[in-house]
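Here the structure comes first, spelled out in structure tokens, and everything after it is commentary.
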Amino acid sequence: MSGMNEPAQKLCRWLHEQLERLPLTKYPFSPSQLPRNGIYFFYERGETWGHDGSKPRIVRIGTHKSDNFRSRIKEHFLLDNKGMNFDSMKPAPKDRSIFRKNIGRALLRKRNSNYLRMWNIDFTPRRNREKYGHLRDIECEKEIERDITRTLRNRFTFRFIIVENETMRIGSKGLESRLIGTVSRCPLCKPTKNWLGNFSPKTEIRKSGLWQVQHLGSPTITEDEKDTIDDAIAKTRVRMSTNFLFT
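In the numbering used here, the protein residues as written are 1218 to 1464.
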């Protein structure tokens, strides 16, 4: 039986409850506590699920390409402060993490800042640095980046499951997309009125309550994928319960 035949809200509840078998990771933490391959699930202080009680709801789901799980989390939390050593001809941390970029967009819109247009430009490509670099306000960008870092470190926690197979994890047919589809389709898990994402210029973020725009319309997880998730959680629990540092 496919997950599409089971109500999204039932699947969403199941997913939240199963993930609670895993410990939460919060800042500060060491990258050695993280696997090299997996899927992460972010939670945000003040945001609760809509099923029963006040359990935290998932606000972002993500993965990565081969062996880069630690790098993605480090980029989100800016664990390497060298990332702040940028100038008009170097990309800022938000250009390495769409999660950071989306939080920055909401912060700028909340402040009615006219810098949002520049913030949206990706300065990773050299052509953009050469064309628009002289228009950048680096001090403004660094201030926003510091606010993003504080927000992530103070308000966000995450769980993860180990999934070694990249094809299984990523892409429109991967587990990541179906997990996102499951949570985004749930009619009960919606943002609170005080959620920072309500200030996002991205309609998809405001409506879904998730800090992302890709895969929101994907199908929900299937019965086979529920078994895969359950197995991944069990494997991850064993690895973490032994206080094993991932190598």
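By construction, the Cβ of each residue, glycine as well, lies at the ideal position given by its N, Cα and C atoms. Every value quoted in this text rests on a predicted model; they were computed, and no experiment measured them.
Outcome for residue i when other beta-carbon atoms lying within 10 angstroms are tallied against a minimum of 16
| i | result |
| --- | --- |
| Ser1219 | With a pLDDT of only 40 at Ser1219, under 50, the local geometry of the prediction cannot be trusted, and the value read off the model is given with reservation. Ser1219 should be labelled exposed. |
| Val1455 | exposed |
| Gly1279 | buried |
| Ser1401 | buried |
| Cys1229 | buried |
| Glu1442 | buried |
| Ile1355 | exposed |
| Arg1274 | buried |
| Lys1299 | exposed |
| Pro1252 | buried |
| Thr1341 | exposed |
Helix, strand or coil at residue i [DSSP, three-state]
| i | result |
| --- | --- |
| Pro1418 | coil |
| Phe1316 | helix |
| Ile1378 | strand |
| Thr1459 | coil |
| Lys1327 | helix |
| Lys1410 | coil |
| Thr1437 | coil |
Spatially closest choice to residue i from the options, by CA coordinates
| i | options | result |
| --- | --- | --- |
| Gly1398 | Lys1390, Thr1374, His1432 | His1432 |
| Leu1296 | Pro1248, Arg1326, Pro1436 | Pro1248 |
| Lys1419 | Ser1314, Glu1440, Phe1259, Gly1321 | Gly1321 |
| Ala1225 | Asn1285, Pro1408, Thr1459, Arg1395 | Arg1395 |
| Glu1362 | Ile1315, Arg1346, Glu1381, Lys1348 | Ile1315 |
| Thr1459 | Pro1240, Ile1365, Gly1391, Trp1231 | Pro1240 |
| Leu1369 | Pro1245, Cys1403, Tyr1332 | Pro1245 |
Any C-beta of chain B under 8 Å from that of residue i
| i | result |
| --- | --- |
| Pro1308 | Note that chain B does not occur in the displayed structure, where there is just one protein chain. |
Cβ pair residue i, residue j closer than 8 Å
| i | j | result |
| --- | --- | --- |
| Lys1318 | Ile1387 | no |
| Ala1323 | Gly1414 | yes |
| Gly1466 | Phe1294 | Not covered by the structure: residue 1466. The range shown for the chain is 1218 to 1464. |
| Arg1376 | Thr1265 | no |
| Lys1407 | Gly1267 | yes |
| Met1301 | Gly1350 | no |
| Ile1379 | Ala1451 | no |
| Asp1530 | Gln1235 | Outside the modelled stretch of the chain, which goes from 1218 to 1464, sits residue 1530, for which no answer is possible. |
| Pro1237 | Phe1373 | According to the sequence displayed, residue 1237 carries Glu and not Pro. In this structure, Phe1373 does not lie closer than 8 Å to Glu1237 by Cβ. |
*Can you list the alpha helix (DSSP H) stretches of 4 or more residues lying completely in the region 1252-1312, in chain order?*
Counting only runs of 4 or more, we get 1286-1294.
*Counting only runs that start and end within the region 1337-1390, where is the alpha helix (DSSP H) found for 4 or more residues in a row?*
For secondary structure counted as the alpha helix (DSSP H) over 4 or more consecutive residues, the region 1337-1390 holds these complete runs in sequence order: 1343-1349, 1355-1372, 1383-1386.
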